[in-house]
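Undergrad: Residue numbers (our numbering), protein chains in the order written: chain Y, 242 to 357; chain Z, 4 to 115. Glycine included, each C-beta is placed from N, C-alpha and C at the ideal position. I have a structure here, written as structure tokens, and I will follow up with some questions on it.
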Amino acid sequence: GAVVSQHPSRVICKSGTSVKIECRSLDFQATTMFWYRQFPKQSLMLMATSNEGSKATYEQGVEKDKFLINHASLTLSTLTVTSAHPEDSSFYICSATRGTKSYEQYFGPGTRLTVT
Amino acid sequence: AQSVAQPEDQVNVAEGNPLTVKCTYSVSGNPYLFWYVQYPNRGLQFLLKYITGDNLVKGSYGFEAEFNKSQTSFHLKKPSALVSDSALYFCAVGGATNKLIFGTGTLLAVQP
């Protein structure tokens, strides 16, 4: 149990376009989902925390108008990178927790975004 | 503020030898500690966690970690390394919220 999927696994888009990444919890209801960004050979940087039915909470320095997060149901959160630029190219990883007192995060396989 | 440190960028070990990947933490209150492993271009896989209870925690794939409160450490260990253990290992700490703070990662290279 506790499987998290991401779609797509890889995406290439042109500068100025927007791209949407989906994160789904397949076999549990995720009360909270997290979005991370990982640069090559670096650690994960938390971008935002997403709770179902409410606005996402963004970490300091993350542009909420650029990285739109929607958590429409207990099994789906989406991250939309708007007006993408080459510097947005990165590995984006989501995670989900189940239950209100769970400290264990289940991670998706990640999405490699390349902006040309 | 919570923080976690992984002092080694890379650990090299021969197959069959014991391995240790170091992690120290700083958190106010009781820490929740985790180890994750990441293979190239993949997400993170959970290995083990310490929330409360026994200081020695056993996890997946034969890994274990010991919570040492006095040294504020949570080192990852395995008695006998496999080549397939070669990957990037992350230590993470959580506290009052369910946010996790990740260390910078340690690349484990197991030589055959």
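1) Sort Y:304, Y:305 and Y:319 by Cα distance to residue 311 (chain Y) and report the nearest one.
2) By Cβ distance below 7 Å, which residues in the same chain neighbour residue 30 (chain Z) in space, the five residues on each side in sequence not counted?
3) Is it buried or exposed, residue 105 (chain Z), if we count other Cβ atoms within 10 angstroms and call 16 or more buried?
4) To be precise: take each residue of the region 251–281 of chain Y, compare its Cβ to all Cβ atoms of chain Z, and keep it if any distance is under 7 Å. Which residues remain?
5) Okay, do the region 67–75 of chain Z and the region 322–332 of chain Y touch, 3+ Cβ pairs below 8 Å being the bar?
6) Taking C-beta to C-beta, are residue 352 (chain Y) and residue 250 (chain Y) nearer than 8 Å?
7) For residue 259 (chain Y) versus residue 357 (chain Y), is the C-beta spacing smaller than 8 Å?
8) Note down, one range per segment and in chain order, each beta strand (DSSP E) of at least 3 residues found wholly within the region 261–315 of chain Y.
9) From Z:82, Z:110 and Z:84, pick the residue whose C-alpha is nearest to that of residue 92 (chain Z); which is it?
10) Kindly indicate which three-state DSSP category residue 30 (chain Z) falls into: helix, strand or coil?
11) Output, in chain order, the set of chain Z residues within a Cβ distance shorter than 9 Å of residue 287 (chain Y).
12) Give me, in chain order, the residues of the same chain whose beta-carbon lies closer than 6 Å to that of residue 27 (chain Z); leave out the 5 immediate sequence neighbours on both sides.
13) When you compare the CB of residue 52 (chain Z) with every CB in chain Y, is at least one pair closer than 8 Å?
14) Output the distance between the C-alpha atoms of residue 20 (chain Z) and residue 278 (chain Y), rounded to the nearest integer angstrom.
TA: Taking the definition as stated:
1) With distances taken between CA atoms, residue 311 (chain Y) lies nearest to Y:319 out of Y:304, Y:305 and Y:319.
2) 5, 96 and 98
3) buried
4) 273
5) no
6) yes
7) no
8) List check, beta strand (DSSP E) in window: 271–279, 285–292 and 308–314.
9) The candidate whose alpha carbon is nearest that of residue 92 (chain Z) is Z:110.
10) Residue state, collapsed to three classes: coil.
11) 102, 103, 104 and 105
12) 8, 75 and 76
13) yes
14) 34 Å
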